[in-house]
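Residue numbers for the sequence shown follow the numbering used here, beginning at 111 and rising by one.
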Amino acid sequence: NKKTGLMDLDDLQQKISENTTAVYFENPSYLGCIEVQGEVISEMAHKLGAISIVGADPISLGVLTPPSNYGADIVCGDIQSLGIHMNYGGGLAGFIATRDEEEYVAEFPSRLFGITTTEVEGEWGFGDVYYDRTSFAKREQGKEFVGTASALWGIAAGVYLALMGPQGMQEIGEVIIQKSTYGAKRLSELKGVKAPALKSAHFKEFVVDFNDTGKTVRQINSTLLQKGIFGGKDLSQDFPELGQSALYCITEIHTKNDIDNLVDAISQCLC
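Shown next as structure tokens:
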């Protein structure tokens, strides 16, 4: 829906059928919108025998409802936001979670580790789970791709989560919402600028509408670059219905001064 940024349920209903294997949607969405219709979307998929898959930003889950609570069968995403810095295209690894059922667990890539009892009464230990599905048992028929780099990033993300804890993850989610809301409010004070352009709650990313400024996103970004600032992603080609709009992202790493400097720079671009 180009007004709210949420899933168009009527459009989805027309596109799915009993031949549909799965319905995948992201929450927050590509445009940063928080999808509040997750339960309805999952129900629509399940009624046709399809599964519901949700792509989630893990750093949002300290403040947003877990996808499993609104019917997701599989949840996946990228762990870059969990303390992993930009590294010239690197610093990427994914996560995947499913319902705890053999049908899903049997299809997991790579090795799985679980907690089980040991020979010593009352003692627990870690061990390989469903080992015979790996390449160590089935060789070329195994269900994995083993990459040391990805495993190392996974460890880094695990350390980050352990240090943050549940309370820390909630706090960082709240900080991101506060900062991005402040950024959108400041931008909307500029003449001709609408932010956020879509009428729904957002997380990190939000759309900024420059249609009434008389400037194109390309012109604005070119001027910002001269000031040492990378402007928002130009959406005019991927989403022509939004016209001269750009996707901006504000996270926990941005300070109030960063946001104010951005707004001041854009204000100068529009003069």
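We put the beta carbon where it would ideally sit given N, CA and C, even for glycine.
It should be emphasised that the depicted structure is a prediction, and the values quoted were computed from it without experimental measurement.
Test: residue i CB closer than 7 Å to a CB of chain B
i    : result
K325 : Although the question refers to chain B, the structure presented lacks it and comprises just one protein chain.
Close Cβ partners of residue i (< 8 Å) along its chain, the five nearest in sequence each way excluded
i    : result
E145 : L116, M117, F135, E136, N137, P138, S139, I151
V303 : L297, V318, D319, F320, D322, T323, I376, L380
Where the alpha helix (DSSP H) through residue i begins and ends
i    : result
F246 : 245-248
D368 : 366-379
S152 : 148-157
Y358 : Where Y358 is concerned, there is no enclosing alpha helix (DSSP H), although the beta strand (DSSP E) it sits in stretches over 355-359.
N363 : Reading off the sequence, residue 363 comes out as Ile, not Asn. I363 -> no alpha helix (DSSP H), and no H or E assigned at all.
I330 : 327-336
L119 : 119-125
E212 : 212-215
Beta bridge counterpart(s) of residue i as assigned by DSSP
i    : result
L222 : V239
Y134 : I163
V317 : L357
I206 : C186
D344 : A356
H195 : H195 pairs with nothing; no bridge assigned.
Neighbourhood of residue i by C-beta, 6 Å cutoff - its chain only, sequence neighbours within 5 removed
i    : result
G237 : T226
D183 : I161, S162, R209
Cutoff 7 Å; reference residue i; Cβ partners in own chain excluding five residues on either side
i    : result
L383 : One cannot answer for residue 383 here, as it falls past the ends of the chain, which runs 111 to 381.
I294 : One point to set straight first is that residue 294 is Ala, not Ile, in the sequence displayed. The residues are A305, P306, F316.
Do the segment 204-213 and the segment 310-326 touch if we need at least three Cβ pairs shorter than 8 Å?
no
Could you check whether the segment 155-170 touches the segment 232-251, counting it as contact only if at least three pairs of C-beta atoms, one from each stretch, sit closer than 8 Å?
no
Any chance the segment 171-180 sits against the segment 273-284, with 3 or more Cβ pairs inside 8 Å?
yes
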